[in-house]
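K.L.:
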Amino acid sequence: MKITREFVQKIPKTDLHLHLDGSMRLSTLIDLARENEISLPAYTGKGLKEKVFKDKYQDLAEYLEGFKYTTAVLQSESCLERVAYELALDNIEEGVRYIEVRFAPQLHQHKHLGIANVLKAVNRGLSRAKEEFNRGGKIKSGNGVPFAYGIIVCAMRMFDYGYSEYFDALLDVHKHSERKWIFSLASQELVKASVEARDRFKIPIVGFDLAGKEKGYPAVDHRHAYALAHKNFLKKTVHAGEAFGPESIFQAITELNADRIGHGVHLFNSDMIRDEEIEDKNAYIENLTQYIGDRRITLEVCLTSNMQTIPNFTDLKQHSFGKMLEAGLSVTFCTDNRTVSNTTITDEILKAVEAFAIDSKKLKNLVAYGFKRSFFPGTYLEKRSYVRQVLDAYEAIEKQFIK
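Heads up: the sequence shown is residues 455 to 857, going by our numbering.
In structure tokens, the structure reads:
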């Protein structure tokens, strides 16, 4: 069976690595900037794509520049709710039926907006879209699968003055303390607040993440926050192997007990191993790959995003996704940032199919990984039932396209 855009758009899909502040509609960014008197480099979608949200970036640092504009407009409940609502609608429109929206609540926290209300606002937007679709008789006109979502809260590996009012206050209060201790404290506070919001307000907060500058800011500095998340049954994912090498991935898995890894693009890059005690780098990578495979630790692969931020990537076939497939690892297609990377899950799948010769049987398995390895906000039996519904719908659609 030929895998076409029509088929990919139709089948139920997931996006498990989806940043709220990197995935807003450009028209909404412009609207909110004008409403809140925030200056932008341009006030048209075309202009913003030329000056901020480009096809290729010099590095990850330049890629992250666009977030200063998106986070600036997300400083009220109404703005957060709107963007979350529209993000869910955009995913529903292209057949994505399960998303895990991640963001750093502390970037939106200030004296007029507490962290609980930040989380409530995002949840209201996502929930409204879910209810409209699932109760509006639209499931049958889609792909037969109801829409569901979870929220992943992100801690920052590091932060500085100017990141948010909350971070400014924290740095002031602890100005005589070591910075990495302050970063760790912020992460622990985020876990506590998120667990309380989950348990008290029934917000589907399903996971904890660590994002931001990877090089120079090791994940192990946040081990206390991850231990706290682990104790409170929050699933765990970590941005690792995006701007640093295999050791960063190993640390995320062994020190932070990560259930999934965000990106992991440098998993097979022996040149990025820095530990001088590792004499046989190839053996280290083989052992790490085996470790990941044995434990079915899923890699949240973001093809377009990686191509944009890694300067020496000129052809998608250079991406380590091919080696991940060869090793039989659990991988899932993700956008990372729909706006910043100008992509969709449909685009990500089609790019992978073309570059890595993925056939229909392999594609079905890869799509299934997204649902099976999700942090689904329900009981284990409910998740199993949902996955079964997804697979039944997928197979029914598949039959329609077999000629």
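Ideal Cβ positions, reconstructed from N, Cα and C, are used throughout, including at glycine.
Helix or strand or just coil, what does DSSP make of G666?
P.N.:
Residue state, collapsed to three classes: coil.
K.L.:
Under 8 Å by Cβ, that's how I've got H720 and G747 pegged, so tell me the actual separation to the nearest angstrom.
P.N.:
17 Å between Cβ atoms; not a contact.
K.L.:
Per DSSP, Y603 forms a beta bridge with which residues?
P.N.:
Beta-bridge pairing links Y603 to I553.
K.L.:
Grouping DSSP H, G and I as helix and E and B as strand, with all else coil, what is C608?
P.N.:
If DSSP states are grouped into helix, strand and coil, C608 belongs with the strands.
K.L.:
Considering only their Cβ atoms, is the gap separating I465 from V821 smaller than 9 Å?
P.N.:
Closer than 9 Å, so yes.
K.L.:
Taking the straight line between their C-alpha atoms, what separation do you get for A847 and A602?
P.N.:
Straight-line Cα distance between these residues: approximately 15 Å.
K.L.:
Report back the beta-carbon spacing between L664 and H684 to the nearest angstrom; my notes put them in contact at under 8 Å.
P.N.:
L664 to H684, Cβ: 13 Å. No contact.
K.L.:
From the DSSP output, in three-state form, read off E429 for me.
P.N.:
There is no way to answer for residue 429, as the model of the chain reaches only from 455 to 857.
K.L.:
Would you call the region 754-770 and the region 513-525 in contact, with 3 or more CB pairs under 8 Å?
P.N.:
Yes, they touch.
K.L.:
Using the beta-carbon count (16 or more within 10 Å), is D423 buried or exposed?
P.N.:
Past the boundaries of the shown model lies residue 423; the chain is included only from 455 to 857, so the question cannot be answered.
K.L.:
Whose C-beta lies closer than 6 Å to the C-beta of A697 among residues of the same chain, with five residues either side of it excluded?
P.N.:
L514, E668, K669.
K.L.:
Cα separation between F855 and F775?
P.N.:
Cα to Cα, F855 sits roughly 27 Å from F775.
K.L.:
Excluding sequence positions up to five away, which residues of its chain have a Cβ less than 6 Å from the Cβ of L541?
P.N.:
Taken in chain order, the residues that qualify are S477.
K.L.:
Using the three-state DSSP reduction, which class does A712 fall into: helix, strand or coil?
P.N.:
A712: coil per DSSP, three-state reduction.
K.L.:
Between the alpha carbons of K574 and E733, how many angstroms are there, rounded?
P.N.:
Distance between the alpha carbons of K574 and E733: 50 Å.
K.L.:
According to DSSP, simplified to helix, strand and coil, what is V821?
P.N.:
V821 falls in the helix class under three-state DSSP.
K.L.:
Is the region 518-527 close to the region 473-489, with three or more CB pairs under 8 Å?
P.N.:
Enough Cβ pairs lie closer than 8 Å, so yes.
K.L.:
Within the 9 Å Cβ cut-off, does S724 reach chain C?
P.N.:
Absent from the structure: chain C. Only one protein chain is present.
K.L.:
Is G661 helix, strand or coil by DSSP?
P.N.:
If DSSP states are grouped into helix, strand and coil, G661 belongs with the strands.
K.L.:
At 4 residues or longer, and completely inside the region 501-561: list those alpha helix (DSSP H) runs for me, N to C.
P.N.:
The qualifying runs are 514-517, 521-527, 531-547.
K.L.:
Is it right to say M455 is buried, meaning 16 or more other beta carbons lie within 10 angstroms of its own, or is it exposed?
P.N.:
Answer is exposed; the Cβ neighbour count stays below 16.
K.L.:
DSSP state of A487, grouped into three classes?
P.N.:
The answer is helix: DSSP assigns A487 an H, G or I state.
K.L.:
Could you give the residue range of the beta strand (DSSP E) that holds K690?
P.N.:
Residues 689-694.
K.L.:
Which residues does DSSP pair with F787 in a beta bridge?
P.N.:
DSSP lists V755 as partners of F787.
K.L.:
Under the rule that 16 or more other beta-carbon atoms within 10 Å means buried, what is A609, buried or exposed?
P.N.:
A609 comes out buried.
K.L.:
At the level of alpha carbons, what is the spacing between V576 and R536?
P.N.:
Their backbone Cα atoms lie some 8 Å apart in a straight line.
K.L.:
State the DSSP-derived secondary structure class of K456, mapped to helix, strand or coil.
P.N.:
It is coil, neither helix nor strand.
K.L.:
Is the distance from the Cβ of G604 to the Cβ of V660 below 9 Å?
P.N.:
A contact, by the Cβ cut-off of 9 Å.
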